[in-house]
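Student:
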Amino acid sequence: MTLSRRTLLAGTLATAPLPLLAEARLRTGFARLSSDGYAPLAGQNVGLVTNPTGITQDVRHIVDVMHADPRVRLTAVFGPEHGFRGTAQAGGSEGRSTDPATGLPVYDTYTKSGQPLADIFTASAVDTIVFDIQDVGARFYTYIWTLYDCMEAAALAGKRFMVLDRPNPVTGRAAYGPVLDPAFATFVGRRPIAQAHGMTAAELARLFNAQFLYGKVQLSTVAMTGWRRADFFDDTRLPWVPPSPNMPTPDTALVYSGTCLFEGTNLSEGRGTTRPFELLGAEGIDGKWAAALNELALPGVRFREAYFAPTFSKFEGKTVGGVQLHVDQRELFDPVRTGIALLVTAKRVWRGFAWRPDHWIDKLTGSALVRTMVDAGAGTDEIVAAWQPGLTAFRTVRRTYLMYD
1337 MTLSRRTLLA
1347 GTLATAPLPL
1357 LAEARLRTGF
1367 ARLSSDGYAP
1377 LAGQNVGLVT
1387 NPTGITQDVR
1397 HIVDVMHADP
1407 RVRLTAVFGP
1417 EHGFRGTAQA
1427 GGSEGRSTDP
1437 ATGLPVYDTY
1447 TKSGQPLADI
1457 FTASAVDTIV
1467 FDIQDVGARF
1477 YTYIWTLYDC
1487 MEAAALAGKR
1497 FMVLDRPNPV
1507 TGRAAYGPVL
1517 DPAFATFVGR
1527 RPIAQAHGMT
1537 AAELARLFNA
1547 QFLYGKVQLS
1557 TVAMTGWRRA
1567 DFFDDTRLPW
1577 VPPSPNMPTP
1587 DTALVYSGTC
1597 LFEGTNLSEG
1607 RGTTRPFELL
1617 GAEGIDGKWA
1627 AALNELALPG
1637 VRFREAYFAP
1647 TFSKFEGKTV
1657 GGVQLHVDQR
1667 ELFDPVRTGI
1677 ALLVTAKRVW
1687 RGFAWRPDHW
1697 IDKLTGSALV
1707 RTMVDAGAGT
1717 DEIVAAWQPG
1727 LTAFRTVRRT
1737 YLMYD
């Protein structure tokens, strides 16, 4: 008798009990789908959109688990920005390949949308596309737009679409920040949602389908159980896998929706350090920046004068000065307001401050409002007040699609 790798693994991976998962308060969408024997996917060729964050409670990758389980027919994998295995840096992907562990074809979705992506789904011969990626709660983190693009392409290709939900690691209590002006739509913001959306992937999928894709997607979602909107990631007891190379910890995600705005400036956003997006700086900045920030007494955060030498990206190999954010009361912390305060004070204390020449800041914030108001000398509160009407309207729409208390 000859045993295939799939048959052998099926006895150990697919049918083995998962004691850690059973004991955890939170169960992800994948945990619920697999415990139900993948019943909604019976008889279908399944394609999975995922990356290294697609894991079980006991840190097995769901591609390996599904491939080994005879109850589901996984036939293709689709990788987003950074790739299926997560090796590519920002703005890159891993391309078309064959997964050496399973032999499955891996298709590259990065920078693909509309009919070209629909053609990839058609060529893969899948019936249902399943999405399972850990998001971090910021509009410009591209996985939610991979979700959107894949939903749109699935509708064009006549494929079913399923979202397996995972927690928003920075809670789902509220939405913060400016809402995207559609005139500034890019892959870091396709549609008008808030900069920190306060939603899970499944909730966003429901909103996308109803508000922007007009119900054309054959959408189903598998909700989590045990997640509360006030939960931070450590409350979930789930293992953290960096969703991208510069998102090493949940602490990074906590500040990211504000400090990623420094990608649109000539300051380092901490890439090339062990604390990306928590360290910010440039040559010529000294302790005046941290002092100015601490004088503002922003809720939930303090700022430390810091010096660091990035190993890549801006100021590679050079020692720069700046600040490190220390969030000490995360329930009070507003990352987007803090990000604006950082921009305003940086421009005031450092005469070398400049925007990226391509006005990337407008793509990140969703309009020219932040850039022009900072340049005009507006203060933090004035800038935050300017986006409140749009944010209030988004918060009203958002409520319709929330799935958890």
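Note that this note's numbering has the sequence shown beginning at 1337, numbered continuously upward. In this text, a Cβ means the ideal position worked out from N, Cα and C, and glycines have one as well.
1. Shortest alpha-carbon distance to T1445 belongs to which of A1437, P1436, T1458 and S1429?
2. Measure the alpha-carbon distance for P1503 versus I1469 and round it to whole angstroms.
3. Per DSSP, I1391 is paired with what?
4. In or out: Y1550 buried (at least 16 other Cβ within 10 Å) or exposed?
5. Could you give the residue range of the alpha helix (DSSP H) that holds L1678?
6. Between the C-alpha atoms of L1357 and H1695, what's the straight-line distance to the nearest angstrom?
7. Given a cut-off of 7 Å, decide if L1705 and A1690 are closer than it, judged by their beta-carbon atoms.
8. Identify every residue that forms a DSSP beta bridge with T1557.
9. With H, G and I counted as helix, E and B as strand and the rest as coil, what does DSSP make of G1600?
10. Go ahead and label P1406 buried or exposed: buried means 16 or more other beta carbons lie within 10 angstroms of its beta carbon, across all protein chains shown.
11. Would E1619 pass as a contact of F1613 if the rule is Cβ separation under 7 Å?
12. If we call anything under 7 Å between Cβ atoms a contact, is F1476 one with L1700?
13. What would DSSP say about R1734, mapped onto helix, strand or coil?
14. Quick check on this structure: which residue in S1556, P1376 and G1525 has the alpha carbon closest to the alpha carbon of E1539?
15. Given a cut-off of 7 Å, decide if F1457 and V1385 are closer than it, judged by their beta-carbon atoms.
16. L1615 by DSSP, collapsed to three states: which one?
17. Name the two residues that bound the continuous beta strand (DSSP E) containing V1442.
Tutor: Reading it off the structure:
1. S1429
2. 10 Å
3. H1397
4. exposed
5. DSSP places L1678 in the uninterrupted alpha helix (DSSP H) bounded by P1671 to V1685.
6. Low local confidence applies: a pLDDT of 40 at L1357 is under 50, so the model's placement there is unreliable, and no value is given.
7. The answer is no: Cβ separation not under 7 Å.
8. V1499
9. Looking at G1600 - three-state DSSP - the assignment turns out to be helix.
10. Counting the other CB atoms within 10 Å of its CB gives P1406 a total below 16, which places it among the exposed residues.
11. Result no, Cβ atoms of E1619 and F1613 do not sit closer than 7 Å.
12. yes
13. helix
14. S1556
15. no
16. strand
17. P1441 to D1444
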